[in-house]
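Undergrad: Numbering (our numbering), first residue to last: 20 to 194.
1) Let me confirm a value: residue 176 is counted as buried when at least 16 other C-beta atoms fall within 10 Å, else exposed. Which label applies?
2) For the segment 139–151 against the segment 164–179, do three or more pairs of beta-carbon atoms, one drawn from each stretch, fall closer than 8 Å, so that the two count as touching?
3) Would you call the CB atoms of residue 152 and residue 48 closer than 8 Å?
4) Among 83, 82 and 61, which residue has its Cα nearest to the Cα of residue 73?
5) Could you check which residue in 88, 54 and 103 has the C-alpha nearest to that of residue 67?
6) Relative to the C-alpha of residue 186, which candidate in 148, 170, 95 and 167 has its C-alpha closest?
7) Exposed or buried, residue 129, counting other C-beta atoms within 10 Å across all chains shown (16 or more means buried)?
8) With a CB to CB cut of under 6 Å and the five nearest residues on each side skipped, what residues in its chain are close to residue 167?
9) Beta-carbon within less than 7 Å of residue 125's beta-carbon, same chain only, minus the 5 sequence neighbours each way: which residues are those?
10) Any idea if residue 69 is buried or exposed, counting beta-carbon neighbours within 10 angstroms, 16 or more meaning buried?
11) Going by the CB atoms, is the gap between residue 155 and residue 114 shorter than 8 Å?
12) Compare the Cα-Cα distances from residue 150 to each of 51, 82, 80 and 110 and report the closest residue.
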């Protein structure tokens, strides 16, 4: 029995030392992990997809990540920069916001029409993912205060209702 207890204790200590800590919420990124996510998307879904037009994907995304408004317009509006099923793109727009940062992303959104702002937020807060949960727990407002204010004031009420429905359906257990 002592040997069993000793083995269990040793296994528990070993597991604590070797296993990574619990992952952060799926919507939390550092700039580095967000950049890695965006560049993986570029490599696999844009440059690595047969049949896609030969466009300057990497250069455009690099410019977009630096906050260049023309490049951001391209990646949000030109569907050639989106994955064929748009699912991979839907999981890339949110990390892109992390790389760009609040100041530059809010500056990008300000001159857009409300309809364009709504279209951008629709892509960022893809309702099939966990990203709307970032709104409900305050992560979005804490990390992107200017952008969050633009979402509240300029995104359509229909989109905000859709996102709130997704929050209620998917995020209640995270609150």
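Cβ atoms here follow ideal geometry from the backbone N, Cα and C, with glycine treated the same way.
TA: Taking the definition as stated:
1) exposed
2) yes
3) no
4) 61
5) 103
6) 148
7) exposed
8) 159 and 160
9) 165, 166 and 169
10) exposed
11) no
12) 110
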